[in-house]
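At position 63 of the sequence shown (counting the first as 1) the number is 63 in full-length UniProt numbering, and the numbers step up by one without a gap.
Idealized CB from N, CA, C, for every residue including glycine.
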Amino acid sequence: RCMIEWQLHTMTRPIEAAQARWDEIDWDENLWVIPADRMKKRRDHLVPLTPQTLNLLNEMKKINGGSEYIFASYKDPMRPSNSQTANIALK
């Protein structure tokens, strides 16, 4: 549910959402900086974070704060969630 909500608020592709990392969040500027190597156009992508997305991040911090990934795999928290998890949940 949280990853679906994140995708809706940030308008990002499933793979970008699934691989979101805590170190990409700029809490001071309220930005998610997706590195160029993960972007289709090969340049950093800046995603403004709204109060809703910041609240969602705080929720996820309680769940996955020990992982480098915001949406960590439930089987292995050291890996990102499967990018198709959100699509499967909608079926």
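According to DSSP, what are the bridge partners of residue i?
i	result
R38	In DSSP, R38 forms no bridge with anything.
L56	Paired residue(s): none; L56 is not in a bridge.
residue 93	Outside the shown range of the chain (1 to 91) lies residue 93, about which nothing can therefore be said.
A72	P80
R13	Paired residues: none, contrary to the question.
Rounding to the nearest angstrom, what Cα-Cα distance links residue i and residue j in this structure?
i	j	result
K62	N55	11 Å
residue 95	D37	Because the chain spans 1 through 91 in this model, residue 95 falls outside it and cannot be assessed.
R79	A72	6 Å
L49	R43	19 Å
R13	Q7	7 Å
Q52	I34	19 Å
Under 7 Å, do residue i and residue j count as touching if we go by C-beta distance?
i	j	result
S67	A18	no
W32	V47	yes
R21	Y69	yes
Quick one: using the 10 Å Cβ neighbour count with 16 as the cut-off for buried, is residue i buried or exposed?
i	result
E16	buried
M11	exposed
N64	buried
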